[in-house]
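Participant: Following the numbering used here, the numbering of the sequence shown begins with 25 at its first residue and continues without gaps.
Heads up, the beta-carbon is just placed ideally off N, CA and C, and yes, glycines get one too.
Since the structure is predicted, the reported quantities are computational estimates derived from the model, not experimental observations.
Pasting in a structure now, in structure tokens, and then I'll have a few things to ask.
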Amino acid sequence: MILIKAGGSAITDKKVPFSIKDEALAELAAALRDTEEDVVLCHGGGSFGHPLAARYDVCGAITSKTQREGVARINVAMRTLSNRVCEALNEGGVNAFALQTSAVMTTREGIIDWSNDDLIRQTVQKGFVPVLYGDAVHDAALSFSILSGDQIMLHLARTFPGSRAIFLTDVGGIYTTDPKEDADAQRIDHVTFGRLPFIEAGGSGDVTGGMRGKLNEIARFGDAVEMVDIIGLGEPGALARTLRGEHVGTRITR
Ligand code: ATP
Ligand code: IP8
25 MILIKAGGSA ITDKKVPFSI KDEALAELAA ALRDTEEDVV LCHGGGSFGH
75 PLAARYDVCG AITSKTQREG VARINVAMRT LSNRVCEALN EGGVNAFALQ
125 TSAVMTTREG IIDWSNDDLI RQTVQKGFVP VLYGDAVHDA ALSFSILSGD
175 QIMLHLARTF PGSRAIFLTD VGGIYTTDPK EDADAQRIDH VTFGRLPFIE
225 AGGSGDVTGG MRGKLNEIAR FGDAVEMVDI IGLGEPGALA RTLRGEHVGT
275 RITR
């Protein structure tokens, strides 16, 4: 199984609310259409989820009327983004089938405590690409919480042993520092899971922790997968090459 997280930075312009990168989605569709592998796709919140989470303070316990309005708006926004992703995949010849994350996963204090893994498995077995996404989900302690696509990926990696995991962002890998802030940042070709917590990475102001949160989550993949690749979706052919096993961006191993 190949587990792919299409980062919000890869498929949307995070500086422009509710914007989509159509060319990136077409690139994603082309790569998935041409692979024989079973794939589960998960995408992030990008310009649809994160600005709403920040504006309505959807973080920690959901107790206020404003936060509940935020949860409701995120629910719609993420279904809208998921529809746009699935439409682009269907147009590009990939049978994508969206699974609304808040209907198939729940959390307790922000950590997944239930997931309908059988439905995800069945969707793959029937010849579809299940599409999950970071979402506002029911939480047993907090009422609702923002579940990141990165945590979903960790759950999937543990659920489907022997998988490969690929993360798509807008910068093509992990760098020594944020390449958008530091012109001298160097791409790191290879790193071990254990070194990830020591890499300098920004939080982007996202409620799910940005690149810092992502690296902390991926550091925990080592017990579930042999390798994780982080690559750029905007680089033509990069995903297709990675799916064929080539080392394109940053490769993380044990
Ligand atoms: P989303 O959470 O919306 O799905 P994403 O998964 O695409 O987003 P981001 O949290 O936006 O990921 O992280 C990608 C961004 O992290 C890049 O655009 C880059 O500017 C920033 N970044 C910060 N530090 C680093 C680093 N050391 N290496 C690479 N990128 C970094
Ligand atoms: O973008 C968070 O998921 P992520 C999704 O994968 C929302 O961190 C709703 C902000």
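Once you ignore the five residues that flank V40 on each side, which residues in its own chain have a CB closer than 8 Å to its CB?
Facilitator: Closer than 8 Å at Cβ, skipping near neighbours: S71.
Participant: Consider the C-beta atom of E169 and the heavy atoms of the ligand ATP; say whether any pair is separated by less than 8 Å.
Facilitator: Strictly speaking, residue 169 in this sequence is Ser, with Glu absent from that position. Checking every heavy atom of the ligand ATP against the Cβ of S169, none is found closer than 8 Å.
Participant: Is the beta carbon of R268 less than 9 Å from the beta carbon of E250?
Facilitator: Their beta carbons are not under 9 Å apart, which means R268 does not touch E250 by this criterion.
Participant: Kindly list the residues whose CB is nearer than 8 Å to the CB of G84, restricted to its own chain and excluding five residues on each side of it in sequence; keep chain order.
Facilitator: Cβ within range, chain order: L166.
Participant: Taking 8 Å as the cut-off, is the beta-carbon of L76 closer than that to any non-hydrogen atom of the ligand IP8?
Facilitator: The answer is yes for L76.
Participant: So, under 8 Å CB-CB, R265 and H214 are touching, yes? Tell me the CB distance rounded to an integer number of Å.
Facilitator: The pair is not a contact, with the Cβ atoms about 16 Å apart (cut-off 8 Å).
Participant: Return yes when the C-beta of M102 is under 8 Å from any heavy atom of the ligand IP8, and no when it is not.
Facilitator: The answer is yes for M102.
Participant: Quick test of your reading: I98 and A160, contact by CB under 8 Å. State the CB separation rounded to the nearest angstrom.
Facilitator: The pair is a contact, with the Cβ atoms about 4 Å apart (cut-off 8 Å).
Participant: Determine which residues share a DSSP beta bridge with T274 and list them.
Facilitator: Its beta-bridge partners are I254.
Participant: Please classify I135: does DSSP put it in a helix, a strand, or coil?
Facilitator: Three-state result, I135: strand.
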